[in-house]
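The block underneath contains the structure these notes are about, expressed in structure tokens.
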Amino acid sequence: MTLDALGMIETKGLVGAIEAADAMVKAAKVELIGKETIGGGYVTVMVRGDVGAVKAATDAGAAAAQRVGELISVHVIPRPHSDVELILPKRNK
468 MTLDALGMIE TKGLVGAIEA ADAMVKAAKV ELIGKETIGG GYVTVMVRGD VGAVKAATDA
528 GAAAAQRVGE LISVHVIPRP HSDVELILPK RNK
């Protein structure tokens, strides 16, 4: 499967991550592919879709996370290598 773009938002705390995820899927046509709990309270949520949609989604998600919690990092990879798919959370539909 080819990824168009991968967007990630990392927060400290679950509330900010949930708020970011909610804002991302409401702001643009992206697929929420999962979350990773890193440890020490760090949580990363990930979306994918076309580059413009992922950028808009991560912008909205970052703003939402900052309003309710601690935003650590935001990053968009426009065209990740296909091998990146191997380490992403699997989503059952």
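Going letter by letter, the sequence shown gives residues 468 to 560 in our numbering.
For every residue, glycine included, the Cβ atom is placed at its ideal position computed from N, Cα and C.
Neighbour-count burial assignment, residue i, 16 or more Cβ in a 10 Å radius
i      : result
Arg534 : exposed
Ala551 : Here residue 551 is Val; the residue named in the question, Ala, does not match the sequence. Under this definition Val551 is an exposed residue.
Gly507 : exposed
Rounded separation between residue i and residue j - CA only
i      : j      : result
Leu473 : Arg546 : 7 Å
Ile485 : His548 : 27 Å
Asp471 : Glu537 : 28 Å
Where residue i falls: helix, strand or coil (DSSP)
i      : result
Lys479 : strand
Gly501 : strand
Gly519 : helix
Leu555 : coil
Gly536 : coil
Beta carbon proximity, residue i to chain B, threshold 9 Å
i      : result
Arg534 : Reference to chain B is not applicable here, since this structure consists of a single protein chain.
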